[in-house]
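In what follows, a single structure is set out as structure tokens and then discussed.
Numbering (my numbering), first residue to last: 11 to 200.
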């Protein structure tokens with residue numbers, strides 16, 4: 011089939027070609043067709059119970075899925091493990107809330123055990139990156155002497171942030187003082 015033959019075929023089925031009868035809007039048959047269209051009842055929302063059901067089911071699925079993925083705010087699972095390692099030659103910038111905003115791990119917790127190189131914290135609130143009820147910190151004794159090091163005591167409350175499995179020092183982690191709590195509140199919208 012060449013172009014001319016294709017054009018001829020298309021013209022034959024073209025609804026606006028010269029061979030198609032066009033009626034005036036004022037013609038009686040045109041008026042009847044228009045009345046038939048206008049009298050046809052359109053189904054409104056009240057006539058669509060199945061669509062409502064599907065919509066409600068979709069919303070419920072999203073809510074349940076979100077709860078399953080993000081949890082209900084309760085801490086569960088295995089303890090998270092972090093290192094209190096540090097570089098004795100590290101230097102610190104002044105701590106600011108901006109430094110905390112993008113840390114992958116941040117929480118508030120109470121020291122429940124301090125034995126040798128292990129500190130266990132019971133998590134009160136996760137600010138970022140966790141859902142465990144407890145966090146275990148591992149460090150050689152004497153590390154608290156480092157710049158910004160933390161001297162853990164059973165029963166004391168701490169605010170801890172970490173990156174790459176290592177606790178951040180330099181004022182970004184430590185005993186929960188009003189100043190440090192204010193910085194965490196600013197960083198995490200508390």
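Glycine included, every Cβ here is placed at the ideal spot set by N, Cα and C.
- The continuous alpha helix (DSSP H) containing residue 49 extends over residues 38 to 49.
- For the options 111, 105, 16 and 128, the alpha carbon positioned closest to that of residue 198 is the one of 111.
- Under the three-state reduction of DSSP output, residue 189 falls in the helix class.
- Bridge pairing for residue 120: 132 and 167 [DSSP].
- Following the DSSP letters along the chain, one finds residue 146 inside the beta strand (DSSP E) bounded by residues 144 to 148.
- In this structure, the straight-line span from the alpha carbon of residue 118 to that of residue 142 is close to 12 angstroms.
- The continuous stretches of alpha helix (DSSP H) do not include residue 106, and DSSP gives it neither H nor E.
- Ranked by Cα distance from residue 193, the options 176, 49, 16 and 106 are led by 106.
- Between residue 172 and residue 138, the CB-CB gap reaches or exceeds 7 angstroms.
- When the Cα atoms are used, residue 170 and residue 182 turn out to be separated by approximately 7 angstroms.
- With respect to the C-alpha of residue 167, the residue from 188, 176 and 37 having the closest C-alpha is 188.
- Residue 145 places its beta carbon less than 7 angstroms from that of residue 131.
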